[in-house]
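Input: a single structure, listed below in structure tokens.
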Amino acid sequence: MIPSVLPTYSRAPLSFVKGEGSWLIEADGRRFLDLGAGIAVNALGHANPALVKALSDQAQSLWHTSNLYQIPNQQALADKLVEHTFADTVFFTNSGTESCELAVKMARKYWYEKGAPDKTDIITFEGSFHGRSSAGIAAAGSEKMTKGFGPLLPGFIHLPWGDMDASKAAITDTVGAILVEPVQGEGGIRPMADSDLKALRALCDDHDLLLILDEVQCGMGRTGRLFAHEWAGITPDIMMVAKGIGGGFPLGAVLATEKAASGMSAGSHGSTYGGNPLGCAVGAAVMDEMTAEGFLDEVNRKAGLMRQKLEGLVDAHPEVFEEVRGAGLMLGLKCKAVNADVVKAGYDNLLLTVPAADNVIRLLPPLTISDEEIGEAITRLDAAAKAVENA
Ligand SMILES: Cc1ncc(COP(=O)(O)O)c(C=O)c1O
Numbered sequence: 024m025i026p027s028v029l030p031t032y033s034r035a036p037l038s039f040v041k042g043e044g045s046w047l048i049e050a051d052g053r054r055f056l057d058l059g060a061g062i063a064v065n066a067l068g069h070a071n072p073a074l075v076k077a078l079s080d081q082a083q084s085l086w087h088t089s090n091l092y093q094i095p096n097q098q099a100l101a102d103k104l105v106e107h108t109f110a111d112t113v114f115f116t117n118s119g120t121e122s123c124e125l126a127v128k129m130a131r132k133y134w135y136e137k138g139a140p141d142k143t144d145i146i147t148f149e150g151s152f153h154g155r156s157s158a159g160i161a162a163a164g165s166e167k168m169t170k171g172f173g174p175l176l177p178g179f180i181h182l183p184w185g186d187m188d189a190s191k192a193a194i195t196d197t198v199g200a201i202l203v204e205p206v207q208g209e210g211g212i213r214p215m216a217d218s219d220l221k222a223l224r225a226l227c228d229d230h231d232l233l234l235i236l237d238e239v240q241c242g243m244g245r246t247g248r249l250f251a252h253e254w255a256g257i258t259p260d261i262m263m264v265a266k267g268i269g270g271g272f273p274l275g276a277v278l279a280t281e282k283a284a285s286g287m288s289a290g291s292h293g294s295t296y297g298g299n300p301l302g303c304a305v306g307a308a309v310m311d312e313m314t315a316e317g318f319l320d321e322v323n324r325k326a327g328l329m330r331q332k333l334e335g336l337v338d339a340h341p342e343v344f345e346e347v348r349g350a351g352l353m354l355g356l357k358c359k360a361v362n363a364d365v366v367k368a369g370y371d372n373l374l375l376t377v378p379a380a381d382n383v384i385r386l387l388p389p390l391t392i393s394d395e396e397i398g399e400a401i402t403r404l405d406a407a408a409k410a411v412e413n414a
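Heads up: the sequence shown begins at 24 in my numbering, then just goes up one per residue.
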């Protein structure tokens with residue numbers, strides 16, 4: 024008999040009743056150190072007091088009005104995002120997938136309104152993940168995600184990851200945009216080289232294409248900058264955001280330049296819940312924390328510490344781990360052992376990590392993780408690796 028929850032996930036036999044900072048707690052009191060953070064969502068830790076206050080205060084006054092009216096919290100959050108990024112304008116969504124939908128629509132509408140309705144193709148890269156909607160799976164293109172869900176949304180050209188020659192060669196009159204994650208998350212924590220991101224920007228400039236960045240997983244302080252593309256010194260035309268921006272409350276956004284957004288007029292897009300007062304109150308609190316003096320410096324310092332300790336761990340367990348990869352606190356351990364076995368051994372040692380493609384385990388702790396917790400994480404990873412070695 025089919026379970027009452029549609030069985031699209033193979034879930035671990037763990038269930039949490041409480042979260043505190045970097046910790047998740049089961050009903051029996053067992054405390055797990057959380058290096059998954061809800062897959063890069065709880066960027067400021069569980070039950071962060073500033074976020075709890077923002078949500079509770081807003082919950083006392085107003086939950087929802089619809090986008091038929093002015094929403095001051097939405098305006099305030101949009102202003103903060105515009106102030107701290109390349110963007111001139113923001114549309115709020117409830118998830119990364121919805122951000123992908125709008126990013127694709129926005130790019131196509133841009134060209135349509137410019138009198139080039141045939142420029143519908145979007146270049147994407149293998150190993151990408153852009154969500155599970157029809158546009159998201161078609162954009163990523165992997166068999167695993169698309170099989171059985173046809174006919175797929177047309178108009179995506181899939182190229183080998185980071186292949187700049189192929190990118191150049193793929194540009195034709197029907198290509199209107201390039202879509203890429205600066206650091207692939209689901210694909211196995213694969214950062215695109217800064218030089219390649221620069222090259223993609225240059226290609227877009229030379230051929231008058233829109234550069235769409237998917238920063239759903241790598242954005243919001245994860246790599247030590249507010250957004251990962253900042254390391255490469257480039258800016259996109261359109262950017263997808265979600266996960267960390269809500270710190271655990273469902274919130275996403277599409278950020279865009281005035282030019283890229285110029286096709287989107289009243290009535291061209293909408294969302295019942297997007298930009299609701301609750302989500303935007305939390306998002307504003309997240310932005311205030313992340314843009315506070317010294318916050319990102321601390322992320323970078325802790326990222327350095329964690330990476331150094333992980334390199335030691337890899338050296339100590341060459342049969343289990345192959346290398347450390349990633350940027351900031353978006354780290355991956357490429358495994359020699361089966362990654363699922365390492366994740367499972369982590370559970371046995373009260374440590375949560377997240378598997379990814381390419382036989383990687385992801386370490387995406389809350390950005391607020393302490394030095395002591397980093398040390399504890401390494402101790403538990405070490406115990407997990409020993410268990411895998413002895414299995
Ligand atoms: C890079 C990237 N894009 C899009 C998505 C989809 O986001 P959501 O699951 O919030 O719809 C994800 C989710 O993991 C992601 O990592």
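Every residue, glycine too, gets a C-beta built ideally from N, C-alpha and C.
Practice problem: Tell me whether the beta-carbon of Lys-266 lies closer than 7 Å to the beta-carbon of Val-64. | Solution: yes
Self-check item: Boundaries (first-last residue) of the beta strand (DSSP E) holding Glu-321
Solution: From DSSP, Glu-321 is part of no beta strand (DSSP E) but of the alpha helix (DSSP H) over 318-339.
Practice problem: Assign Glu-204 to one of two classes, buried (16 or more other C-beta atoms within 10 Å of its C-beta) or exposed (fewer than that). | Solution: buried
Self-check item: Ser-165 beta carbon near ligand 1 (any heavy atom closer than 6 Å)
Solution: no
Quiz item: From Gly-275 to Asn-117, what distance separates their C-alpha atoms?
Solution: 5 Å
Quiz item: Measuring from the CB of Glu-346, is there a heavy atom of ligand 1 at a distance below 6 Å?
Solution: no
Quiz item: If you drop the 5 nearest sequence neighbours on each side, which residues of the same chain put their C-beta closer than 6 Å to that of Thr-314?
Solution: His-107
Quiz prompt | C-alpha gap between Leu-104 and Val-277, whole angstroms | solution = 10 Å
Quiz prompt | Ala-279 in three-state terms, based on DSSP | solution = strand
Quiz item: Cβ of Val-206 versus every heavy atom of ligand 1: is any distance shorter than 6 Å?
Solution: no
Quiz prompt | Residues bridged to Ile-180 [DSSP beta-bridge criterion] | solution = Ile-146
Exercise. Identify, in the order they occur along the chain, each residue of the same chain with its Cβ nearer than 7 Å to the Cβ of Ile-257, setting aside the five sequence neighbours on each side.
Key: Leu-220, Lys-221, Arg-224
Quiz item: Just the Cα atoms here: how many angstroms apart are Met-187 and Ser-165?
Solution: 20 Å
Self-check item: Reference Ser-84; option with closest CA among Leu-356, Lys-409, Val-347, Pro-300
Solution: Pro-300
Quiz item: If you compare alpha carbons, which of Gly-59, Phe-114, Leu-37, Gly-150 is closest to Pro-378?
Solution: Gly-59
Quiz item: Ala-82: buried (16+ other C-beta within 10 angstroms of its C-beta) or exposed?
Solution: exposed
Quiz item: Looking at the unbroken beta strand (DSSP E) that takes in Arg-348, where does it start and where does it end?
Solution: 344-350
Quiz item: Is the closest heavy atom of ligand 1 to the C-beta of Ala-70 under 6 Å?
Solution: no
Exercise. Would you check if the region 140-151 and the region 183-198 touch, i.e. whether three or more CB-CB distances between them fall below 8 Å?
Key: yes
Quiz prompt | Per-residue burial, Leu-37 [other beta carbons within 10 Å of its own, 16 or more giving buried] | solution = exposed
Quiz prompt | Backbone secondary structure at Val-40 - three-state DSSP | solution = strand
Self-check item: Integer Cβ distance of Leu-125 from Leu-373, believed to fall under 8 Å
Solution: Contact flag wrong, Cβ pair sits at about 40 Å.
Self-check item: When Ala-73, Leu-333, Val-28, Pro-26 are compared against Ala-308, the one with the closest alpha-carbon
Solution: Ala-73
Quiz item: CB of Thr-120 to nearest heavy atom of ligand 1: below 6 Å?
Solution: yes
Exercise. Please confirm whether any heavy atom of ligand 1 lies closer than 6 Å to the CB of Asp-237.
Key: yes
Exercise. With DSSP as the reference, please indicate the residues paired to His-69 in a beta bridge.
Key: Gly-44
Quiz prompt | Cβ neighbours of Arg-53 in the same chain (closer than 7 Å, five flanking residues each side left out) | solution = Leu-373
Quiz prompt | Contact between the region 288-300 and the region 163-180 (3+ Cβ pairs under 8 Å) | solution = no
Self-check item: Sub-7 Å separation of Gly-68 and Thr-391 beta-carbons
Solution: yes
Exercise. Flag Phe-39 as yes when its Cβ comes closer than 6 Å to any non-hydrogen atom of ligand 1, and as no otherwise.
Key: no
Quiz prompt | Presumed contact (8 Å Cβ cut-off) between Gly-211 and Gly-298, rounded CB distance | solution = Incorrect: roughly 33 Å between the Cβ atoms, too far for contact.
Exercise. Using alpha carbons as the reference points, say which of Trp-254, Ala-158, Asp-371, Gln-207 lies closest to Val-383.
Key: Gln-207
Practice problem: Could you tell me which residues DSSP puts in a beta bridge with Ala-379? | Solution: Val-383
Self-check item: Gly-154 CB to nearest heavy atom of ligand 1 below 6 Å
Solution: yes
Self-check item: Backbone CA spacing between Val-411 and Thr-402 [nearest angstrom]
Solution: 14 Å
Practice problem: Can you check DSSP and say which residues form a bridge with Glu-49? | Solution: Phe-39
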